[in-house]
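J.:
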Amino acid sequence: MPDTPAAPAAPPAPTASAPLSAEDGKLVALARGARGRVGAVEGAAVRDQDGRTYAAASVALPSLTLTALQLAVASAVAAGASRLEAAVVVTEASTLDGAGHAAVRDLAVDAPIHVAAPDGTVLGTVTQ
Numbered sequence: 022m023p024d025t026p027a028a029p030a031a032p033p034a035p036t037a038s039a040p041l042s043a044e045d046g047k048l049v050a051l052a053r054g055a056r057g058r059v060g061a062v063e064g065a066a067v068r069d070q071d072g073r074t075y076a077a078a079s080v081a082l083p084s085l086t087l088t089a090l091q092l093a094v095a096s097a098v099a100a101g102a103s104r105l106e107a108a109v110v111v112t113e114a115s116t117l118d119g120a121g122h123a124a125v126r127d128l129a130v131d132a133p134i135h136v137a138a139p140d141g142t143v144l145g146t147v148t149q
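Residue 94 in the numbering used here sits at position 73 of the sequence shown; the count goes up by one each step and never skips.
1. Among the candidates Ala65, Leu41, Gly72 and Leu87, whose CA atom is the shortest distance from the CA of Pro139?
2. Here's the rule: buried if 16 or more other CB atoms are within 10 angstroms of the residue's CB, otherwise exposed. What is Ser115?
3. Taking only three categories from DSSP, how would you classify Leu92?
4. Which of the three DSSP states, helix, strand or coil, is assigned to Glu44?
5. Who are the near neighbours of Arg104 in its chain, counting only those whose CB is closer than 7 Å to its CB and skipping five residues on each side?
6. Let's see if you can read the secondary structure: which residues bound the alpha helix (DSSP H) around Val125?
7. Between the alpha carbons of Ser79 and Ser96, how many angstroms are there, rounded?
8. For Asp45, count neighbouring Cβ atoms within 10 angstroms of its own Cβ and tell me buried if that reaches 16, exposed if not.
9. Starting from Leu105 and walking both ways along the beta strand (DSSP E), at which residues does that stretch end?
10. For Val62, collect the residues of the same chain with a Cβ closer than 6 Å to its Cβ; drop the 5 residues on either side in sequence, then sort them by chain order.
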């Protein structure tokens with residue numbers, strides 16, 4: 022009998038963070054803008070190894086569902102990014118979704134993932 026895959030582990034909870042750098046503050050603004058433009062549940066932004074930024078909103082279609090963070094990472098990869106320096110997700114939830122966390126960790130095991138409320142207040146940072 023084949024082994025059944027283990028259930029994905031829950032992503033680490035955001036912990037209190039130091040004040041954001043100016044560059045990470047820009048990611049918050051980009052993520053808020055992406056979310057607000059389309060009235061999405063979430064907005065996200067990432068910065069790659071060259072300082073380029075990518076912003077996205079969550080997608081919920083009958084045939085396709087992506088978190089904002091998954092789409093921002095996919096956009097970065099499609100543009101040639103091989104590593105991420107930082108990520109932000111703006112959400113009404115107080116936690117980071119597992120799929121978005123996994124997508125960021127595919128490109129960076131230690132990049133901070135800041136979780137912010139819709140008003141831009143940073144709720145915490147995931148570094149694992």
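In this text, a Cβ means the ideal position worked out from N, Cα and C, and glycines have one as well.
T.: According to the structure shown:
1. In the sequence shown, residue 139 corresponds to position 118, counting from 1. Checked all of Ala65, Leu41, Gly72 and Leu87; the closest Cα to Pro139 is Ala65.
2. As a working mapping, residue 115 is identified with position 94 in the sequence shown. Answer is exposed; the Cβ neighbour count stays below 16.
3. The count along the sequence shown starts at 1 and reaches residue 92 at position 71. Here Leu92 sits in helix by DSSP.
4. Counted from its first residue, the sequence shown places residue 44 at position 23. Note: Glu44 maps to helix in three-state DSSP.
5. Your numbering for residue 104 matches position 83 in the sequence shown. Result list for Arg104: Asp69, Gln70, Leu128 and Ala129, in chain order.
6. Position 104 of the sequence shown, counting from 1, holds the residue named residue 125. First-last of the alpha helix (DSSP H) with Val125: Gly119 to Leu128.
7. In the sequence shown, residue 79 corresponds to position 58, counting from 1. In the sequence shown, residue 96 corresponds to position 75, counting from 1. Those two C-alpha atoms are separated by around 13 Å.
8. For the purposes of this step, residue 45 is identified with residue 24 of the sequence shown, where counting begins at 1. Buried is the call here.
9. For the purposes of this step, residue 105 is taken as the residue at position 84 of the sequence shown. Segment Leu105 to Thr112, the beta strand (DSSP E) holding Leu105.
10. Numbered from 1 along the sequence shown, position 41 holds the residue referred to as residue 62. Correct list, in chain order: Ser79.
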